[in-house]
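Undergrad:
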Amino acid sequence: MPMQNDRKSAIKKLKLLTFNSKSNVDSFRAKLDEGFKTTFLPNGLEASKYKYGNTDCTVLSPELYASNRVMLYIHGGSFVGGSEVSYKSFCSSLAAKCFCRVVIPSYRLAPAYPYPAANEDIQGVFKSLFTEEQINCSLSTEKGEKPILPEIVIAADSSAASIACSLIFNLRDRYRSCISKVVLLSPWLNLSSSSRLLSAKKVSDEVMNSDVLRKSASIYTYESNTESPFVSPLLADESMLKNFPPVFIQMGSKEILLEDAKLFCDKLIAAGNSCLLDVWPDMMFMFQMADEYLHESHLALDKIGKIVTENFAGQEALQIENKPRLEHSLFSEA
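Add 19 to a position in the sequence shown, counting from 1, and you land on the number used in the numbering used here.
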């Protein structure tokens, strides 16, 4: 029997993910960790600490997983908060659904470490992760057999979408070719002055609003930097989007961010890439992280699992309606 949704409690919990003009950095981080932390992990799942590059990471390994598949999950938190404490439960569910290990980097956060600190940390993590996975795959290949290539999934939510896209913009094609999917949940795609979201007054979004976007962006970086595609991916031109890995965007129909997601999907398709936009009716920002209150959260994670473990092809823009570059990049071409 389907669970009874508790929308009010779900919204209250999800608002912990948003930093606004009335928020205090320390209390925001503490409340976010406290609101989403978990004591128990799913049966058979192991959590371990590992350092990729110079960044501490938490690695979640389910009992069954594809040996050559790993997900790099870049957590959101309005550029200011979020940690392995607040995301371990959610990422554990992703690990189980996607049959893969999930790496959660503890990257540097604003305001102490503004842009591009987080981007540099994630680039370092990816470089180290890619190298290790490539070695592991070569060692597991029998002599005379065709080498197995690592399959890396890049996943990010909300504010971290810009960090994920920035990483990919800076990758050479040989690195991009090992990224099987890019999964973006309720992505922030335009924080520039041209964004209509920053001036929106009345919106149907029950969690997000223009104040959250404006305040988070102002703490993350200077206003002039918000015009860069590395902060606002929606502003990327066709040359930056060329050969972008397949993208899956999942969000609710009531989100203030939805129109930007549609525009980004259209730009990816126009550049010759694959993109699926998965819209859930009557759902709010990051509804996937309120699984104790919303039945749709479980179904949405099932959908992500299918997307990661199966292939989707084609360059036609699709919207699924559900019913119950840094200047001194590590990987830029010289």
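The C-beta atom is built at its ideal place from N, Cα and C for all residues, glycine as well.
(1) By the DSSP assignment, the alpha helix (DSSP H) with phenylalanine 145 in it spans what residues?
(2) Under three-state DSSP, which class holds cysteine 110?
(3) Figure out for me which residue from Cys184, Gln153 and Leu217 has the closest Cα to the Cα of asparagine 87.
(4) Mapping the DSSP letters down to three states, classify proline 328 as helix, strand or coil.
(5) Quick check on DSSP: helix, strand or coil for glutamate 352?
(6) Flag this pair as touching only if the region 318 to 331 and the region 293 to 309 have three or more C-beta atom pairs under 8 Å; answer yes or no.
(7) Once you ignore the five residues that flank serine 112 on each side, which residues in its own chain have a CB closer than 8 Å to its CB?
(8) Can you name the start and end residues of the beta strand (DSSP E) that isoleucine 93 belongs to?
(9) For the beta strand (DSSP E) containing alanine 289, name the first residue and the last one.
(10) From asparagine 262 to glutamate 53, what distance separates their C-alpha atoms?
(11) Once the 5 residues before and after tyrosine 92 are set aside, which same chain residues still bring their CB inside 6 Å of it?
(12) Flag this pair as yes or no: are the beta carbons of leucine 313 and phenylalanine 304 separated by less than 8 Å?
(13) How would you write the range of the beta strand (DSSP E) that valine 202 sits in, first residue to last?
(14) For the 8 Å Cβ check, are there 3 or more pairs between the region 171 to 185 and the region 243 to 262?
(15) Just the Cα atoms here: how many angstroms apart are alanine 332 and asparagine 292?
(16) Would you check if the region 219 to 232 and the region 31 to 49 touch, i.e. whether three or more CB-CB distances between them fall below 8 Å?
(17) If we ignore side chains and look at the alpha-carbon of each, how far apart do glycine 63 and leucine 128 end up?
(18) Residues in the same chain with beta-carbon distance under 6 Å from glutamate 257, minus the five sequence neighbours each way, listed in chain order, please.
(19) Tell me the residue span of the beta strand (DSSP E) that contains phenylalanine 267.
TA: Let me lay it out:
(1) 136 to 159
(2) helix
(3) Gln153
(4) Per the sequence presented here, residue 328 reads as threonine, with proline not at that position. Residue state, collapsed to three classes: helix.
(5) Caution applies to glutamate 352, whose pLDDT of 40 falls short of 50 and renders its modelled position unreliable; the value that the coordinates give is listed next. Three-state result, glutamate 352: coil.
(6) yes
(7) Pro61, Asp310 and Leu320
(8) 88 to 93
(9) Per DSSP, alanine 289 belongs to no beta strand (DSSP E); it is in the alpha helix (DSSP H), 277 to 289.
(10) 40 Å
(11) Cys110, Val121, Ile123 and Ala174
(12) no
(13) 198 to 204
(14) yes
(15) Low local confidence applies: a pLDDT of 48 at alanine 332 is under 50, so the model's placement there is unreliable, and no value is given.
(16) yes
(17) 31 Å
(18) Ala290
(19) 266 to 271
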